[in-house]
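Numbering (my numbering), first residue to last: 30 to 356.
The block underneath contains the structure these notes are about, expressed in structure tokens.
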């Protein structure tokens with residue numbers, strides 16, 4: 030077991046090293062920009078997957094927290110000169126604070142009622158940002174967000190931004206892996222499988238769901254901060270309902286309830302529109318079709334928590350002779 034764990038760790042480190050070396054070999058700014066968008070979507074979908082996939086809270090208002098993080102970073106950077114690295118934390122914490130305000134009255138709801146509340150919250154955030162012109166400049170947006178700096182060096186190339194978002198994606202994946210395999214993660218999974226049974230075992234479902242919601246939305250705020258500095262411009266056009274549905278599609282297509290699922294979904298649904306750029310106005314149609322096809326062929330998603338279980342069971346319908354002997 031220890032040897033297998035070490036082998037997996039080495040393979041993962043080699044994979045991260047290979048990804049980190051991409052800017053050294055890829056000089057095409059378009060390809061680097063697509064890679065940045067993929068990793069940004071990995072962070073967004075990963076946060077949503079933690080909520081939807083591990084506590085069965087069907088939240089579709091992730092774009093609202095993404096918007097909060099982006100506007101908070103842009104305003105604080107331009108008005109008060111706060112640096113990018115501090116704002117990553119501040120934007121995430123601010124998104125988490127709003128999630129607690131939303132979650133306290135709504136996480137007690139079930140099904141479609143909770144879904145509608147999160148969707149409504151996302152649209153309220155966007156409309157506030159659109160109409161609070163004295164703070165957000167309304168439909169004109171906030172231009173000229175300054176480039177980040179690190180040890181006196183200005184970060185402004187796509188290769189540099191790629192390394193930052195890669196680091197954030199790796200940090201998120203590692204953090205979620207540790208959380209999911211901890212006592213906290215097991216409590217979330219128990220709530221997902223049967224909330225009534227989890228309560229009967231003494232698990233405070235509401236408290237655990239609130240914590241889960243806050244952690245998942247924290248990463249939406251972090252992603253928003255990164256986006257503000259990367260684009261150097263923030264407007265409400267980037268946080269419409271279709272952005273929330275796109276993030277949800279990545280989770281569903283990739284497979285909710287698994288760490289690899291949002292990564293697969295983000296890669297697939299970021300690259301797919303790029304391959305059909307002439308059909309950009311049909312973006313949501315493409316996402317919808319991808320969800321329908323995935324649900325029909327693989328309901329758990331491409332890499333969902335149970336996506337490969339049935340395949341393995343089909344391949345071995347009965348116990349082996351050795352197993353029969355043991356029984």
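Idealized CB from N, CA, C, for every residue including glycine.
- The shortest C-alpha to C-alpha distance from residue 137 to any of 242, 317, 262, 308 is the one to 242.
- Scanning its chain for C-beta atoms nearer than 8 Å, with the 5 sequence neighbours on each side dropped, one finds around residue 250 the residues 94, 95, 97, 98, 101, 120, 121, 122, 123, 124, 125, in chain order.
- CA-CA distance, residue 265 to residue 198, rounds to 24 Å.
- Excluding residues up to 5 positions away in sequence, 280, 285, 290, 291 lie with their Cβ nearer than 7 Å to the Cβ of residue 78 in the same chain.
- A distance below 8 Å separates the beta carbons of residue 258 and residue 113.
- The three-state secondary structure of residue 179, taken from DSSP, is strand.
- Distance from the Cα of residue 219 is smallest, within the candidate group 313, 235, 282, for 235.
- Looking at 328, 128, 53, 163, the one whose alpha-carbon comes closest to that of residue 147 is 128.
- Within the same chain, Cβ atoms closer than 6 Å to the Cβ of residue 272 are found at 92, the five residues on either side in sequence being excluded.
- A distance below 8 Å separates the beta carbons of residue 313 and residue 274.
- Annotated three-state conformation of residue 55 is coil, per DSSP.
- Here the alpha carbon of residue 293 sits roughly 7 Å from the alpha carbon of residue 332.
- Following the DSSP letters along the chain, one finds residue 120 inside the alpha helix (DSSP H) bounded by residues 113 to 135.
- A direct Cα-Cα distance of roughly 33 Å separates residue 194 from residue 134.
- In the DSSP annotation of this structure, the continuous segment of the alpha helix (DSSP H) that includes residue 291 starts and ends at 289 to 304.
- Annotation: the region 217 to 275 contains the following complete segments of the alpha helix (DSSP H) (minimum length 4 residues), in chain order: 224 to 229, 234 to 260.
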